[in-house]
Amino acid sequence: MYIDVYCPMTELQYCLSVFAMVKVKAVQFRAQVPQDIDFLIRAIAPFKNAGKDWTLSDIAVEALTEWLQKPENRELVEAHNILEGLERRGLTSNIF
117 MYIDVYCPMT ELQYCLSVFA MVKVKAVQFR AQVPQDIDFL IRAIAPFKNA
167 GKDWTLSDIA VEALTEWLQK PENRELVEAH NILEGLERRG LTSNIF
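So the sequence shown is numbered by this note's numbering: it starts at 117 and just counts up by one.
Here's what the structure looks like:
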């Protein structure tokens with residue numbers, strides 16, 4: 117099962133306040149998930165923060181941000197100078 121996740125940068129900035137992007141650009145991200153995860157995410161999303169409608173994009177971005185913040189992934193970013201590549205593209209991130 118595929119879930120299409122549409123992640124406009126303005127939504128990322130608004131929902132998570134983790135990206136300080138120079139350019140606002142929409143990015144599409146596709147992931148394949150087991151049916152149980154799909155069901156659980158879609159069932160829980162309406163109950164999360166009653167004052168905001170959570171989308172699959174919001175949930176995916178939150179999960180991916182947490183994954184990037186894991187120590188082993190932070191070490192890879194540092195070891196391979198990945199933030200420099202981000203800067204060369206005119207982008208910045210305050211995830212770390």
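For each residue, glycine too, the CB sits at the ideal point set by N, CA and C.
For residue 191, same chain residues with a beta-carbon under 6 Å away, outside a window of 5 residues either side, do not exist. The beta-carbon distance between residue 175 and residue 157, rounded to whole angstroms, is 6 Å. This is short enough to meet the 8 Å contact definition. A straight line joining the alpha-carbon of residue 212 with that of residue 196 spans about 15 Å.
By the C-beta density criterion, residue 143 is exposed, having fewer than 16 other C-beta atoms within 10 angstroms. At a cut-off of 4 residues, the continuous stretches assigned as alpha helix (DSSP H) that sit fully inside the region 127-208 are 151-160, 172-184, 187-195, 198-204. Comparing alpha carbon positions, the residue from 207, 193, 209, 155 closest to residue 172 is 155.
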